[in-house]
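Before any comments, here is the structure.
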Amino acid sequence: MKTYHVTRKLQITIPRVLAKELRIRPGDTVVLQKAGNAVLVRKPGKQVKDRAELERTVDAFARDMVKVGKYVKTAERAIAANLSRHVGS
6 MKTYHVTRKL QITIPRVLAK ELRIRPGDTV VLQKAGNAVL VRKPGKQVKD
56 RAELERTVDA FARDMVKVGK YVKTAERAIA ANLSRHVGS
């Protein structure tokens, strides 16, 4: 799972892949919700009804992040390979 840096102002960047999938655009409002030792980021509107639903949502998110991480690693390897071919050219 990829980690993200928290700035001095306690800000993080939502990965473009996730923002696109969740239809989050610059200027949108999101809700941060504590979920055990995790933070759930979601669009406002749909309230989580109970702890079990919240846990299912967090688990689904964690599974999705594993998938996203695989794509990120593949992209990082491709970029590194491409750069190594062009360095010094």
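In our numbering, the protein residues as written are 6 to 94.
By construction, the Cβ of each residue, glycine as well, lies at the ideal position given by its N, Cα and C atoms.
- A straight line joining the alpha-carbon of N87 with that of L23 spans about 25 Å.
- Assignment of L15 by DSSP, reduced to helix, strand and coil, places it in the coil class.
- For V46, the enclosing beta strand (DSSP E) covers residues A43 to R47.
- Pairwise C-beta distances place the region 62-70 in contact with the region 30-45, as three or more of them are shorter than 8 Å.
- Counting only the Cα atoms, L15 lies some 24 Å from G50.
- Straight through space, the alpha carbons of F66 and R82 are spaced by roughly 24 Å.
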